[in-house]
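Engineer: Provided herewith is a single structure, encoded as structure tokens, for subsequent inquiry.
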Ligand code: ADP
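In my numbering, the protein residues as written are 41 to 549.
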């Protein structure tokens, strides 16, 4: 049973041995926006919706607790909850990963020259996304919180920690290592909370959960909840769970989730690879005494560009129309669309960039623009993958490990999932510009599946990762078929159009 606690909804999916869905339930919960740029959730709602959907799923499938081998939890990452150890009462709402309230404090840390220090220790950038500065904010701004935390009365947790604590009725205050690696407090080399960082951020260590592997016996969901105890045996952050669900078990395996934005993760094996291209170094999972690492990058606007065509430009009625409309023309007639609506992320990192449509000629029509929007999703993903490749090639850690050429990681394909991966044109174009096959998963729920796999491997429901890999169902594989000259020409145009958007808000003040 996977509990998939996402940013907008809580879901529960029960899987069978073949990895097929048996039953599921889903419930949305409130998004709270107290101020511009602030985003909160009610932790009690996170808890109640998640438990309710689990009970509902059992009911729908006519299952009892006895039918469930184990529970795996996956969750929106970085979202921060602080609560009273004795009463279980949160001291304030959960501060959601998207919330920008600590952006200024992050600027201050950077001004103090600490960016490199944090990057070295945590693999992350100093950014308001990550939990560390959010905890500090709570301690500094919620009445009495710092005093109570110092007295050992308060606990911190990311969402999986909060859920497991509640499911076990307070018996387990634990975090899985992949979630720990998103807090900005976790040393990715020592695999411990970093005492110096805790000092800098003024966070008492007594608040922090115990760090555990992603696959391990965390405790038992209380019998009150499901009629009998169920072991909780797996947990991982959503993107890491999806990497696992896509069975990206080998170094060099990559998945890309095409949603509103894209999230790309590459398994780099037991080596944490430092990025020179603005990617994050993160723990993929901990399993059987081994820790696997990943490089992670995201595209800010991917499916969002398609939404923009639909809602603002009204060029399409539904997102899926973009596929046949893009296919009505054989190319974009030299048009590029750069959806830098909120600036550009890795590897360009330009918060001042803004979107553009360039290369227009008198013959350009709406089909060219729609096609250019879809192509932009593929180009941006290509830029991420190139950044990952380049980090891998230049990494000292990697060079030290790779003794012969044949040990070197190669990227042999890209595993795709997410809403926009339904678009065949996009998938084919992605494969063409990458020059490797794109494998689209048949199971859309790779995140929940990953959590279930982690739990089922630990509880012995599945034998090993090989058995799981046999379950892998591909919907379709897209093979590259573009001529190299065409590819070169298109990529040169893309690079040029990125250049045109750079620093846009800077130059115009
Ligand atoms: P999220 O989890 O970020 O909400 P989803 O995985 O549900 O995203 O995917 C939704 C996004 O994918 C939307 O931005 C939508 O515009 C885009 N999308 C959905 N279907 C298609 C399609 N057939 N072609 C292109 N884009 C699509």
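Each residue gets a CB set at the ideal place from its N, CA and C atoms; glycine is no exception.
Which of the three DSSP states, helix, strand or coil, is assigned to residue 338?
Structural biologist: Translated into positions along the chain shown, residue 338 becomes position 298. If DSSP states are grouped into helix, strand and coil, residue 338 belongs with the strands.
Engineer: What separation, rounded to the nearest whole angstrom, lies between the Cα atoms of residue 472 and residue 527?
Structural biologist: Your numbering for residue 472 matches position 432 in the chain shown. Your numbering for residue 527 matches position 487 in the chain shown. Put simply, the backbone Cα of residue 472 is about 8 Å away from that of residue 527.
Engineer: Would you call the region 215-224 in contact with the region 276-287, where contact means no fewer than 3 C-beta pairs closer than 8 Å?
Structural biologist: yes
Engineer: Output yes or no for whether 8 Å exceeds the beta carbon distance between residue 341 and residue 301.
Structural biologist: To locate residue 341, count along the chain shown from 1; it is residue 301. To locate residue 301, count along the chain shown from 1; it is residue 261. Going by C-beta atoms, residue 341 is nearer than 8 Å to residue 301.
Engineer: Would residue 510 be called buried (16 or more neighbouring beta carbons within 10 Å of its own) or exposed?
Structural biologist: Within the chain shown, residue 510 is the residue found at index 470, counting from 1. So residue 510 ends up on the exposed side.
Engineer: Are residue 335 and residue 308 closer than 8 Å when you measure CB to CB?
Structural biologist: Here residue 335 refers to the residue found at position 295 when the chain shown is read from its first residue. Here residue 308 refers to the residue found at position 268 when the chain shown is read from its first residue. In contact: residue 335 and residue 308 (Cβ atoms closer than 8 Å).
Engineer: For residue 41, which of helix, strand or coil comes out of DSSP?
Structural biologist: Numbered from 1 along the chain shown, position 1 holds the residue referred to as residue 41. The answer is coil: DSSP assigns residue 41 none of H, G, I, E or B.
Engineer: Do you know offhand how far residue 85's Cα is from residue 141's?
Structural biologist: As a working note, residue 85 is residue 45 in the chain shown. As a working note, residue 141 is residue 101 in the chain shown. Computed Cα separation, rounded: 22 Å.
Engineer: If the criterion is Cβ atoms closer than 8 Å, does the pair residue 262 and residue 207 meet it?
Structural biologist: Locating residue 262 in the chain shown gives position 222, counting from the first residue. Locating residue 207 in the chain shown gives position 167, counting from the first residue. Yes, the Cβ-Cβ distance between residue 262 and residue 207 is below 8 Å.
Engineer: Exposed or buried, which one is residue 104 when buried takes at least 16 other CB atoms within 10 Å?
Structural biologist: To locate residue 104, count along the chain shown from 1; it is residue 64. So residue 104 counts as exposed.
Engineer: For the putative contact between residue 66 and residue 48, defined by C-beta atoms under 8 Å, what is the C-beta separation to the nearest angstrom?
Structural biologist: Position 26 of the chain shown, counted from the start, is the residue given in the question as residue 66. Position 8 of the chain shown, counted from the start, is the residue given in the question as residue 48. Not confirmed; about 10 Å, so no contact.
Engineer: Is residue 21 near ligand 1, judged by its Cβ being under 7 Å from some heavy atom?
Structural biologist: Because the chain here runs from 41 to 549, residue 21 falls outside it and cannot be looked at.
Engineer: Cβ-heavy atom distance between residue 225 and ligand 1 below 7 Å?
Structural biologist: As a working mapping, residue 225 is identified with position 185 in the chain shown. Outside the cutoff, so no.
Engineer: Which term fits residue 41, buried or exposed, when burial requires 16 or more other beta carbons within 10 angstroms of its beta carbon?
Structural biologist: Locating residue 41 in the chain shown gives position 1, counting from the first residue. Result: buried.
Engineer: Under a Cβ-count criterion, where at least 16 other Cβ atoms within 10 Å of its own Cβ denotes burial, should residue 529 be classed as buried or exposed?
Structural biologist: For the purposes of this step, residue 529 is identified with residue 489 of the chain shown, where counting begins at 1. Classification for residue 529: exposed.
Engineer: If we count the other Cβ atoms within 10 Å of its Cβ and call it buried at 16 or more, is residue 134 buried or exposed?
Structural biologist: If you number the chain shown from 1, residue 134 lands on position 94. Under this definition residue 134 is a buried residue.
Engineer: With a threshold of 6 Å on Cβ separation, who are the neighbours of residue 266 within its own chain once the five nearest residues in sequence on each side are excluded?
Structural biologist: On the chain shown, residue 266 is found 226 positions in, with the first residue counted as 1. Here the set comprises 105.
Engineer: Let me check you understand the geometry: is the CB of residue 71 closer than 7 Å to at least one non-hydrogen atom of ligand 1?
Structural biologist: In the chain shown, counting from the first residue as 1, residue 71 sits at position 31. No, ligand 1 has no heavy atom inside 7 Å of this Cβ.
Engineer: Based on Cα-Cα distance, which residue from 145, 158, 405, 498 lies nearest to residue 175?
Structural biologist: By one-based count along the chain shown, residue 175 stands at place 135. Considering only alpha carbons, the answer is 145.
Engineer: According to the neighbour-count rule (16 or more other Cβ atoms, all chains shown, within 10 Å of its Cβ), is residue 57 buried or exposed?
Structural biologist: Within the chain shown, the letter at position 17 stands for residue 57. Flag for residue 57 reads exposed.
Engineer: Out of 249, 153, 137, 203, state which residue places its alpha-carbon closest to the alpha-carbon of residue 194.
Structural biologist: Along the chain shown, read from residue 1 onward, the residue named residue 194 stands at position 154. Among 249, 153, 137, 203, the Cα nearest to that of residue 194 is on 249.
Engineer: If we count Cβ pairs, one from each stretch, closer than 8 Å, do we get three or more for the region 232-244 versus the region 312-327?
Structural biologist: Between the region 232-244 and the region 312-327, the count of Cβ pairs shorter than 8 Å is below three; the stretches do not touch.
Engineer: If you run the structure through DSSP and keep just helix, strand and coil, what is residue 6?
Structural biologist: The requested residue 6 does not occur in the structure, where the chain is confined to residues 41 to 549.
Engineer: Ignore the nearest five residues each way along the sequence and tell me which others in residue 304's own chain have a CB closer than 6 Å to its CB.
Structural biologist: Numbered from its first residue, the chain shown carries residue 304 at position 264. So the list reads 296, 337, 424, once near-sequence residues are dropped.
Engineer: Have a look at residue 499 and residue 110 and give me their C-alpha separation to the nearest angstrom.
Structural biologist: Looking up residue 499 in the chain shown gives position 459. Looking up residue 110 in the chain shown gives position 70. The C-alpha of residue 499 lies about 7 Å from the C-alpha of residue 110.
Engineer: Who are the near neighbours of residue 62 in its chain, counting only those whose CB is closer than 7 Å to its CB and skipping five residues on each side?
Structural biologist: By 1-based counting over the chain shown, the position of residue 62 is 22. Hits under 7 Å: 54, 55, 56, 101.
Engineer: Based on Cα-Cα distance, which residue from 413, 289, 514, 152 lies nearest to residue 469?
Structural biologist: Working through the chain shown from its first residue, we reach residue 469 at position 429. Looking from the CA of residue 469, the closest CA among 413, 289, 514, 152 belongs to 413.
Engineer: With a CB to CB cut of under 7 Å and the five nearest residues on each side skipped, what residues in its chain are close to residue 214?
Structural biologist: For this step, residue 214 is matched to residue 174 along the chain shown. The residues are 201, 204, 249, 250, 252, 258.
Engineer: Taking residue 426 as part of the alpha helix (DSSP H), name the residues at either end of that continuous run.
Structural biologist: Taking the chain shown and counting its residues from 1, the one referred to as residue 426 is at position 386. Start and end: 406-434.
Engineer: From the DSSP secondary-structure annotation, give me the bridge partner or partners of residue 396.
Structural biologist: Residue numbering aside, residue 396 sits at position 356 when the chain shown is read from its first letter. 378, per the DSSP bridge assignment.
Engineer: Report yes if the CB atom of residue 497 is closer than 8 Å to the CB atom of residue 476, and no otherwise.
Structural biologist: Numbered from its first residue, the chain shown carries residue 497 at position 457. Numbered from its first residue, the chain shown carries residue 476 at position 436. No.
Engineer: Just to confirm the assignment, what range does the alpha helix (DSSP H) spanning residue 493 have?
Structural biologist: Working through the chain shown from its first residue, we reach residue 493 at position 453. Where residue 493 is concerned, the enclosing alpha helix (DSSP H) stretches over 486-499.
Engineer: Quick one, which of 329, 464, 350 has its alpha-carbon nearest residue 364's?
Structural biologist: Here residue 364 is taken as the residue at index 324 of the chain shown, counted from 1. Selected option, being the one with the closest Cα: 464.
Engineer: According to DSSP, simplified to helix, strand and coil, what is residue 253?
Structural biologist: Here residue 253 is taken as the residue at index 213 of the chain shown, counted from 1. Residue 253 falls in the coil class under three-state DSSP.
Engineer: Assign residue 444 to one of three DSSP states: helix, strand, or coil.
Structural biologist: The residue given as residue 444 occupies position 404 in the chain shown. The predicted position of residue 444 is uncertain, since its pLDDT is 48 and thus under 50; no value can be drawn from it.
Engineer: Kindly list the residues whose CB is nearer than 6 Å to the CB of residue 143, restricted to its own chain and excluding five residues on each side of it in sequence; keep chain order.
Structural biologist: On the chain shown, position 103 is the one that residue 143 refers to. Excluding the 5 residues flanking it on each side, residue 143 has same chain C-beta neighbours closer than 6 Å at 168, in chain order.
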